[in-house]
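2 protein chains.
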Amino acid sequence: MPRPIILGVVGDSAAGKTTLTRGLVRVLGEENVTHVCTDDYHRFDRKQRAERNLTPLHPDCNYVDVIAQHLGHLRAGEPILKPIYTHSDGTFGAPVYVKPARFTVVEGLLGYHTEAMRQVYDVRVFLSPPEELRRAWKVRRDCSRRGYTTDQVLAELDRREADSEAFIRPQERYADIVVRYLPSGDRDQEHLDAELVLRSSLRHPDLSGLVDGDAGITLSERSDEVILRVSGSVEPETAAEIEEAIWERMHFASHLRSERLGEFTIGTDLHRSESLAVIQVLILYHLITAKASLALGGDGTRAPSGIPEAVHT
Amino acid sequence: MPRPIILGVVGDSAAGKTTLTRGLVRVLGEENVTHVCTDDYHRFDRKQRAERNLTPLHPDCNYVDVIAQHLGHLRAGEPILKPIYTHSDGTFGAPVYVKPARFTVVEGLLGYHTEAMRQVYDVRVFLSPPEELRRAWKVRRDCSRRGYTTDQVLAELDRREADSEAFIRPQERYADIVVRYLPSGDRDQEHLDAELVLRSSLRHPDLSGLVDGDAGITLSERSDEVILRVSGSVEPETAAEIEEAIWERMHFASHLRSERLGEFTIGTDLHRSESLAVIQVLILYHLITAKASLALGGDGTRAPSGIPEAVHT
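Chains A and B, in that order, are what the protein sequence lines are.
Residue 40 in UniProt numbering is what sits at position 40 of the first sequence, and the numbering runs on without skipping anything.
Residue 68 in UniProt numbering is what sits at position 68 of the second sequence, and the numbering runs on without skipping anything.
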C-alpha cells in the first residue's frame, strides 16, 4: 500500500480549521481519512499550565519532537500510539492506536513549527482570518461548546496574544496555501470576502481564463504567489464555474463529486459559503493529484524547488 | 552522543525481572539507566480484558508493533511518549516523555515476540524459573504488593497458563543468556541452584580456568551453548573469584564495582544470593563491553553470525 497523503491545516485557535476539514472529510469518506490533532501533544495539563503561566500555544508546552516523530510514522504508513488531551476537563486520557488511512489530516496550532514537522506534509494550508473575526468565532465556540463565559474567553485571548504573535502567526510563511477571510464589515458569514494565497511550492491549476472581476472573482500575481480573491457577493454560478473547472482537472475522481462543499454550521443551523466551497475544492485538487502521483510511482506533487526554505528563527 | 545500550529482560510474570535489574541499575547509576516496561503497552485495560476473556500475555492484548517502534527510537537515541499502565487499578494514565539514557533496560512479558523487537537489544536475557518457584513468587508479590488473595492469584495463574505456554516461554529461544533457577527442594531462596545458559550470539568471557566442581561451580558445553551451574551451596569465596575474574575483564570500568550485587528483598528484609551476583556481574560485563565498543566506533558486541535466526512460528 502506498503511503498516505498528508494535509496540514494550521492556524490559531478558532481560525476555522475544523470547518474547513469537515467538508473535505465528507468528500473523501470518513473511512479514508485519519484525523490527528497536534493539540493532543500538550506537555502539561490545564492545571500545570496555570501553575507555570504557560499557554498551550507555546512550543515548550508541547512535545514538538514527538509530533514530528509521529507524523513521520504516519507518512511512512506506520501506526502510532497517539496521546489524548481532553478539552472538556483539560487532562490527558489513555492514548489511542491510530493507523494512517489513505488521507491523513493533521490539524493544530503548531504544525509547521519545526522543519522536521514541515517536511511531512503533501499540502500545507494556513488559516489566517483577521483577528476581529477570529475573536468572535472563538467566543461563540468556547461559550457554546466548551462552557466558558464571554469574559473568560476574551481574557484568555489577551493572555495568549504574545504567543500567537511569536509562534502561531509566523507559521504562515511555510504554507502552500494561505486562506484569509477579510474583515466582514456588515456582511454575514455566508458572504465573507476570501483571499487565497497560492504559493509556487505546489503546482496550482491555472484559473486565469475563468476569473471574472465583475462577477466577484479576481486573480493577481506578486513575486512567487498568485492571489485568488472571491468576493462575498460572488454569484453562486460564478463560484460553481471555478469549482467545475477544478473538478474537470481531476475527472478521474469524479465519483467523489459533492454538492455539499461550502457547508458550515452555526450552532445547529446549516449555512453555505461560496468562498469556502472554492477553497475546499482547491485543496481537494491537491490531495487527489498527490494521491494519483503516488499511485503512478511518483512521490506527490510538491515542486522540489518550491519547498519554502525559510530559516526557522 | 552514541546510541544507548539496550538490555532486554524478558520472562513470565514474577519470574524475577525486577530483582535482577534492580542490582544492575544500582551499579550503573539511576541517572544512567532508562527503564521501560513493555507491559505499559497493553491494548486493553483490565475491565476490557475481562470482557474479552483475554490475558495480558496474549500478543493481541498488546501493541507489539508500537513496542518495536518505540524501542527503535530509544536505540537511535530518540525520545518517546510512553503509555502508562497502572497495575494498582488496571487502567491507563497520561503518557510520559522518555529520553534514553546511556543504558536502557527493557523489561516485560513479550519483549522478544517479534523479529522487529528482537533486533534492538544489545543483550537479551530470559528468565526461566521452574513453574513451582514462579507460582510461589507470584503469590507472594501479588498478595503483598497488589492486594490479591492467594486463591485469586492461583486462579489467575491457571487462567494464564495456555498463553504462558504459547507466547511467553517460547521466547527463551531468542535469548543470549537464559537464567534458570532450579527447583529448590528444601533450600531457601538465598541458596537456589542456578543454571546460566550462555549462547554464542554474544562472546562470553572464558571461565573454564575458574570453575571448581567441588566448590559448587561447573561448566559444560552442548552444541552452541555453554552452561554455567552455580550451586546454591557455593562458597561465597568461590563465587567471588568468578565475579573477580569477570570484573578483571572490564577493569576500565572498575569505578563501578559494587559489593551490593546479589542483594534482593523479601518484604522489607534484605537477603543475598551468590548465584544472583554471578548472573548480574556477567550481564554487566556485556553491557559495559558493548558500551566500550560504541565509544570506540564499533557497534556493540553481538556476534553477527550469532543472532538467533529462529523463525517466528
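Glycine included, every Cβ here is placed at the ideal spot set by N, Cα and C.
Note that this is a predicted model, so its numbers are computed, not measured.
DSSP-derived helix/strand/coil call for residue i
{"i": "Asp269/B", "result": "strand"}
{"i": "Leu228/B", "result": "strand"}
{"i": "Lys291/A", "result": "helix"}
{"i": "Val120/B", "result": "coil"}
{"i": "Arg3/A", "result": "coil"}
{"i": "Val9/B", "result": "strand"}
{"i": "Phe103/A", "result": "strand"}
{"i": "Glu259/B", "result": "coil"}
{"i": "Gly72/A", "result": "helix"}
{"i": "Asp40/A", "result": "helix"}
{"i": "Ser220/B", "result": "strand"}
{"i": "Val278/A", "result": "helix"}
{"i": "Asp214/A", "result": "helix"}
{"i": "Glu78/A", "result": "coil"}
{"i": "His191/A", "result": "helix"}
{"i": "Thr313/B", "result": "At Thr313/B the pLDDT is 32, less than 50, meaning the model places this residue with poor confidence; the figure from the coordinates comes in the next sentence. Thr313/B: coil per DSSP, three-state reduction."}
{"i": "Leu196/B", "result": "strand"}
{"i": "His87/A", "result": "coil"}
{"i": "His113/A", "result": "coil"}
{"i": "Leu284/B", "result": "helix"}
N-terminal and C-terminal residue of the beta strand (DSSP E) that residue i is part of
{"i": "Thr55/B", "result": "Note, Thr55/B: premise wrong, no beta strand (DSSP E); not H, not E."}
{"i": "Ser144/A", "result": "Ser144/A -> not in any beta strand (DSSP E); alpha helix (DSSP H) instead, spanning Glu131 to Arg145."}
{"i": "Leu240/B", "result": "The question names Leu, yet the displayed sequence has Ala at residue 240/B. Counting along the chain, Ala240/B falls outside any beta strand (DSSP E), though it belongs to the alpha helix (DSSP H) covering Pro236 to Glu248."}
{"i": "Pro95/B", "result": "Thr91 to Val98"}
{"i": "residue 320/B", "result": "Residue 320/B is absent from the structure shown; chain B starts at 1 and stops at 313."}
Pair within 8 Å by beta-carbon distance, residue i and residue j
{"i": "Val226/A", "j": "Ile217/A", "result": "no"}
{"i": "Thr86/B", "j": "Thr34/B", "result": "no"}
{"i": "His191/A", "j": "Gly232/A", "result": "yes"}
{"i": "Leu256/A", "j": "Leu28/A", "result": "yes"}
{"i": "Pro100/B", "j": "Arg180/B", "result": "no"}
{"i": "residue 318/A", "j": "Phe92/B", "result": "Lying outside 1 to 313, the shown extent of chain A, residue 318/A is not represented and no answer is given."}
{"i": "Arg46/B", "j": "Gly90/B", "result": "yes"}
{"i": "Gly262/B", "j": "Leu282/B", "result": "no"}
{"i": "Gly16/A", "j": "Trp137/A", "result": "yes"}
{"i": "Leu219/B", "j": "Ile242/B", "result": "no"}
{"i": "Tyr285/B", "j": "Arg260/B", "result": "no"}
{"i": "Ser273/B", "j": "Gln189/B", "result": "yes"}
{"i": "Tyr174/B", "j": "Tyr112/B", "result": "yes"}
{"i": "Ala76/B", "j": "Arg159/B", "result": "no"}
Rounded distance between the beta-carbons of residue j and residue i, thought under 8 Å
{"i": "Val36/B", "j": "Leu74/B", "result": "7 Å"}
{"i": "Val125/A", "j": "Ile177/A", "result": "5 Å"}
{"i": "Leu110/A", "j": "Val64/A", "result": "6 Å"}
{"i": "Ile288/A", "j": "Ala253/A", "result": "5 Å"}
{"i": "Leu71/B", "j": "Val120/B", "result": "4 Å"}
{"i": "Leu54/A", "j": "Gln280/A", "result": "The pair is not a contact, with the Cβ atoms about 34 Å apart (cut-off 8 Å)."}
{"i": "Ile5/A", "j": "Ala290/A", "result": "5 Å"}
Nearest residue (CA-CA) to residue i, options the options
{"i": "His267/A", "options": "Ser273/A, Ser275/A, Glu248/A and Ser144/A", "result": "Going by the sequence as given, residue 267/A is Gly instead of His. The shortest C-alpha separation from Gly267/A is found at Ser144/A."}
{"i": "Val98/A", "options": "His113/A, Glu31/A and Ala162/A", "result": "Glu31/A"}
{"i": "Leu210/A", "options": "Tyr174/A, Asp224/A, Val278/A and Ser254/A", "result": "Val278/A"}
{"i": "Arg135/B", "options": "Pro183/B, Ala101/B and Met117/B", "result": "Pro183/B"}
{"i": "Leu228/B", "options": "Arg146/B, His204/B and His70/B", "result": "His204/B"}
{"i": "Ser223/B", "options": "Ser201/B, Pro236/B, Ala239/B and Glu235/B", "result": "Ser201/B"}
{"i": "Arg199/B", "options": "Gly72/B, Arg302/B and Pro79/B", "result": "Arg302/B"}
{"i": "Val9/B", "options": "Gln171/B, His70/B, Asn62/B and Gln69/B", "result": "Gln171/B"}
{"i": "Arg169/B", "options": "Pro2/B, Ser13/B and Met1/B", "result": "Ser13/B"}
{"i": "Asp142/A", "options": "Phe264/A, Pro83/A, Leu57/A and Ser88/A", "result": "Ser88/A"}
{"i": "Pro56/B", "options": "Ser164/B, Val153/B, Asp151/B and Lys82/B", "result": "Ser164/B"}
{"i": "Glu237/B", "options": "Ser258/B, His251/B and Ala215/B", "result": "Ala215/B"}
{"i": "residue 370/A", "options": "Gln152/A, Leu196/A, Thr38/A and Ala194/A", "result": "Any question about residue 370/A goes unanswered here, given that chain A covers just 1 to 313."}
Extent of the continuous alpha helix (DSSP H) run through residue i
{"i": "Gly204/B", "result": "In the sequence as presented, Gly is not what sits at residue 204/B; that position holds His. Element bounds for His204/B: n/a, residue is neither H nor E."}
{"i": "Thr301/B", "result": "From DSSP, Thr301/B is part of no alpha helix (DSSP H); its letter is neither H nor E."}
{"i": "Glu161/B", "result": "Thr150 to Asp163"}
{"i": "Leu24/B", "result": "Lys17 to Leu28"}
Any non-hydrogen atom of the ligand NAP closer than 7 Å to residue i Cβ
{"i": "His251/A", "result": "Absent from the structure shown: the ligand NAP. Ligands present: none."}
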